[in-house]
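Data block below; observations after.
There are 2 protein chains.
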Amino acid sequence: MTNFADRLAEAVRRKGNSLCVGIDPRWESLPKSIREQFGSASIATIACAFEVFSLRVLDLVASLVPIVKPQSAFFELCGPPGMIALQSVVRRARELGLIVILDSKRGDIASTAVAYADAAFGGLTVNGVHHTIWNADALTVNPYLGRDAVEPFIQSARLSGRGLFVLVRTSNPGSGLFQELDCGGRKLYQHVAQAVNEWNESGFGSCGLGDVGAVVGATHPAELAELRQAMPNVWFLVPGYGAQGGSARDVAAAFRLDGLGAIVNSSRGITFPFHPDEPNWEQAILDATETAIGELRFL
Amino acid sequence: MTNFADRLAEAVRRKGNSLCVGIDPRWESLPKSIREQFGSASIATIACAFEVFSLRVLDLVASLVPIVKPQSAFFELCGPPGMIALQSVVRRARELGLIVILDSKRGDIASTAVAYADAAFGGLTVNGVHHTIWNADALTVNPYLGRDAVEPFIQSARLSGRGLFVLVRTSNPGSGLFQELDCGGRKLYQHVAQAVNEWNESGFGSCGLGDVGAVVGATHPAELAELRQAMPNVWFLVPGYGAQGGSARDVAAAFRLDGLGAIVNSSRGITFPFHPDEPNWEQAILDATETAIGELRFL
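Those protein sequences? They're chains A and B, same order as listed. The letter at position 225 of the first sequence is residue 216 when you use our numbering, and the numbering goes up by one with no holes. The letter at position 174 of the second sequence is residue 165 when you use our numbering, and the numbering goes up by one with no holes.
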């Protein structure tokens, strides 16, 4: 079983870039051809449209990028059929050799965190029969509940070579309300960074990075550099590039000198660069992917 | 449309107690008769067993308590069939006149938070057709992402007379790692309490309380009293009573002088007070419910 950090490093090296494509299906943004094929008569047809669009995105980008990040919220908005679509998307992405980060930002007290972690990684085993649930390579986790709420995720992830990305500094405009509070000379997000750095130390792979990563938004470039120093061996998942306003220059500080250490997510900028009426939407996705890869390769 | 705080107050007054029954199905704890009826051959049969057990719990407690709280994690651990079971549980609970708090501790950047909030409350409307998803009365929300991550939940909830419970001080042993950090003379959880108090002010009902509640664990009794003062008109959801170690005396400080203001959750203590082989498990649940109500009525 390979350490998650090493799997991520290998995937990034193989593709020659650190781009993560966020899969955030929204009905109003889908290509008109797919909306018309399925219609919106039931939640099941909407979920089918999400699935077909997402699978097509995977086929388009699989040879180009190392990582995809389905956003659980948009699938959950289609209820149980949406969760079937999410399973299908994760399965296909892994079949295509992509690393899958399930972005669901879970967090709860220990006994409940175990259930979320098992759902994400190891699955449910009852009477010796194993049932796979989401089977993601990594999961985003919210740290607010503290140590015993994060540790079950770490333990579960390590049992099967998976990883975490703990929210440290998020990309949204209002993130400072709590994350920037000064706690004894250091901000809250710096305290969380320190905890992530410690959790990560027991999960190093041979690439020199570990399996407990950090979410650090591209919309705070100065903090990216500071956090890179504070967490030298932690993988960063960097949202906020592209549609949220972060540039390739902004994310440069997230990388280590060896060119590893950061994966840069773009969701809407890659998957919805077209008007729904655009017939050549697949080419638009390919073009947007190549453009983003070019920008990031320049770093 | 009635304000959520008023709906909660009315439900508590009608039942004469503030007990919330947490619905956290776990295969290994289910009555043997239900496990044998469905078996564990597939994830669908496990989810059916969760559903049948949970519905039976609802039938048993519906005339006694005002509120139930399904824990999303345990249903998610059964994948899409588990989410069908969760829908069924929420639907039946509401039919029985119970207030349903969906405990899924969601939180994300604004555009994603809207999707989670719509899934929880208003549902998905596409081309004028409305699709109900979870349809809960209230949702637990994680505040770490800040203002613009919480506000979409507030807006969505208010559109349909629903409410939130924002994590302030959680009941788990490791909750202090970040929540107790001293931020300029006040702890992090006190800053979150201040924000909740402000968010709540624009959602008062005629009962004098508002629709943005706070999760405050029973395992920190002194802080319950302090937070009651800091958030005088905020509904508290108090976990940690019962199996997690909090006593009825510990939770007394969560209530206002008018007897309102707190709902006290018990999950395992109410729903799993029996050995799986116990044939009279339904009576055990009734007895545990009556005992908890008696303890809380004494306050």
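Every residue gets a Cβ at the ideal spot worked out from N, C-alpha and C, and that includes glycine. Every value quoted in this text rests on a predicted model; they were computed, and no experiment measured them.
Would you call the region 14 to 34 of chain B and the region 171 to 184 of chain B touching, i.e. three or more CB-CB distances under 8 angstroms?
Under the three-pair Cβ rule at 8 angstroms, the region 14 to 34 of chain B does not count as touching the region 171 to 184 of chain B.
Please give me, in chain order, every unbroken run of the beta strand (DSSP E) with length at least 3 that falls completely inside the region 175 to 240 of chain A.
Secondary structure within the region 175 to 240 of chain A: the beta strand (DSSP E) runs of 3 or more consecutive residues, fully enclosed, are 203 to 207 and 227 to 229 (chain order).
Report yes or no: is there a C-beta of chain B within less than 8 angstroms of the C-beta of residue 314(A)?
Because chain A in this structure spans residues -8 to 290, residue 314(A) falls outside the shown range and cannot be described.
Taking the straight line between their C-alpha atoms, what separation do you get for residue 192(B) and residue 220(B)?
15 angstroms
Chain A partners of residue 24(B), CB-CB under 8 angstroms?
By Cβ distance, chain A contributes nothing, its closest Cβ being about 16 angstroms from residue 24(B), past 8 angstroms.
Is there a Cβ from chain D that is less than 8 angstroms from the Cβ of residue 106(B)?
Chain labels in this structure do not include chain D; the protein chains are A and B.
Return the residues of the region 100 to 127 of chain A that lie within a Cβ-Cβ distance of less than 7 angstroms from chain B, sorted by chain order.
100, 101, 103, 106, 107, 109, 110, 115, 117, 118, 120, 122 and 124
So residue 147(B) packs on residue 113(B), CB below 8 angstroms; how close in whole Å?
Rounded to the nearest angstrom, the Cβ distance from residue 147(B) to residue 113(B) is 6 angstroms, consistent with a contact under 8 angstroms.
Kindly indicate which three-state DSSP category residue 164(B) falls into: helix, strand or coil?
coil
Can you give the Cα-Cα distance for residue 235(A) and residue 283(A), rounded to whole angstroms?
14 angstroms
Residues near residue 198(A) in its chain [Cβ-Cβ closer than 7 angstroms; skip 5 each side]:
-4, -3, 0 and 251
Per the DSSP calculation, residue 60(B) is bridged to which residue(s)?
13(B)
Relative to chain A, which residues along the region 160 to 171 of chain B have a C-beta separation below 7 angstroms, given in chain order?
161, 162, 163, 164, 165, 166, 167, 168, 169 and 170
Contacts around residue 261(A), its chain only, beta-carbon distance under 7 angstroms, and the 5 residues preceding and following it disregarded:
12, 276, 279, 280 and 283
Beta carbons nearer than 8 angstroms to chain B: which residues of the region 59 to 76 of chain A have them?
Against chain B - using a Cβ distance shorter than 8 angstroms - the residues of the region 59 to 76 of chain A are 62, 64, 65, 67, 68, 69, 70, 71, 72, 74 and 75.
Which same chain residues, not among the five before or five after residue 83(A), have their C-beta less than 7 angstroms away from its C-beta?
46 and 49
In chain B, which residues lie less than 9 angstroms from residue 236(A) when you measure between Cβ atoms?
Chain B residues near residue 236(A): none, gap ~12 angstroms exceeds 9 angstroms.
Do residue 15(A) and residue 166(A) have their C-beta atoms within less than 8 angstroms of each other?
no
Exposure label - residue 120(A); buried when at least 16 CB within 10 Å
exposed
Under the assumption that residue 327(B) contacts residue 207(B) (Cβ atoms under 8 angstroms), give the Cβ distance between them as a whole number of angstroms.
Beyond the ends of chain B as shown, which are -8 and 290, falls residue 327(B); an answer cannot be given.
Does the region 54 to 68 of chain B come into contact with the region 49 to 61 of chain A, if we say contact requires no fewer than three beta-carbon pairs (one atom in each stretch) closer than 8 angstroms?
no
The beta strand (DSSP E) that contains residue 153(B), what's its start and end?
Annotation for residue 153(B): no beta strand (DSSP E) segment contains it, and DSSP assigns it neither H nor E.
Identify the contact partners of residue 183(B) in chain A, using a Cβ-Cβ distance below 7 angstroms as the criterion.
169
State the beta-bridge partners of residue 121(A) as determined by DSSP.
116(A)
Please decide whether residue 150(A) counts as near chain B, where near means a Cβ-Cβ distance under 8 angstroms.
no
From residue 126(A) to residue 66(B), what does the alpha carbon distance come to, in whole angstroms?
16 angstroms
For residue 286(B), count neighbouring Cβ atoms within 10 angstroms of its own Cβ and tell me buried if that reaches 16, exposed if not.
buried
Would a C-beta distance cut-off of 8 angstroms place residue 6(B) and residue 98(A) closer than the cut-off?
no
Hey, does residue 212(B) have any beta-carbon neighbour from chain A nearer than 8 angstroms?
no
Beta carbon of residue 225(A) nearer than 8 angstroms to that of residue 187(A)
The beta carbons of residue 225(A) and residue 187(A) sit closer together than 8 angstroms.
Does any residue of chain A bring its CB to less than 8 angstroms from the CB of residue 134(B)?
yes
Out of -8(B), -7(B), 8(B) and 4(B), which has the shortest C-alpha to C-alpha gap to residue 256(B)?
8(B)
Have a look at residue 176(B) and residue 20(B) and give me their C-alpha separation to the nearest angstrom.
44 angstroms
DSSP three-state call for residue 31(B): helix, strand or coil?
Looking at residue 31(B) - three-state DSSP - the assignment turns out to be coil, as it is neither helix nor strand.
Distance, residue 115(A) Cα to residue 41(A) Cα
26 angstroms
Return the CA-CA distance between residue 203(A) and residue 156(A), expressed in angstroms with no decimal places.
6 angstroms
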